[in-house]
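Reading the sequence shown from the start, the letters are residues 0 to 126 in numbering that gives the first Met the number 0.
For each residue, glycine too, the CB sits at the ideal point set by N, CA and C.
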Amino acid sequence: MQLILSDIYRGYIACLNAQDWPNLGTFVHDTLHYNERALTLDDYREMLKKDFREIPDLFFDIRLLIEAPPRIAARLRFECAPKAVFMGLRIDGKRVVFCENVFYEFREGKIDTVWSVIDKAAIEAQL
0 MQLILSDIYR GYIACLNAQD WPNLGTFVHD TLHYNERALT LDDYREMLKK DFREIPDLFF
60 DIRLLIEAPP RIAARLRFEC APKAVFMGLR IDGKRVVFCE NVFYEFREGK IDTVWSVIDK
120 AAIEAQL
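Below you can see the structure in the form of structure tokens.
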């Protein structure tokens with residue numbers, strides 16, 4: 000059976016949006032790289048949990064998805080209200096809209112590498 004990376008990725012995004020932390024390992028390897036930094040699955044999970052603590056209404060909205068195995072490229076849109084400081088910016092609950100351009104590399108049907116760039120200038124323009 001051939002793996003369809005876009006289907007796996009959509010499952011991963013659904014897992015994040017549901018904050019279904021016990022099932023994160025279904026989509027992510029036990030060790031991975033995030034922006035060139037080596038992490039364990041537990042490190043990655045804690046990073047994501049922290050994001051949700053700081054941004055309680057965080058929701059990953061896929062706006063563009065390109066599959067080129069073993070990679071996925073996505074543009075994610077966020078409309079949320081971070082509680083205090085986000086990306087070094089004092090947001091303090093103000094509603095902001097921004098996008099993230101993110102690339103994933105898969106190995107054996109799971110995320111192995113993540114490269115992420117968030118449009119901080121879009122946030123700054125709204126403050």
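Please confirm whether PHE51 and PHE77 have their CB atoms less than 7 Å apart. no
How would you write the range of the alpha helix (DSSP H) that ASN16 sits in, first residue to last? 4-16
Relative to the alpha-carbon of ILE12, which residue among ALA120, ARG36 and ILE110 has its alpha-carbon at the smallest distance? ILE110
How is the beta strand (DSSP E) around ILE122 delimited, first residue to last? Per DSSP, ILE122 belongs to no beta strand (DSSP E); it is in the alpha helix (DSSP H), 119-125.
In this structure, does DSSP put ASP19 in helix, strand or coil? coil
In three-state DSSP terms, what is LEU40? helix
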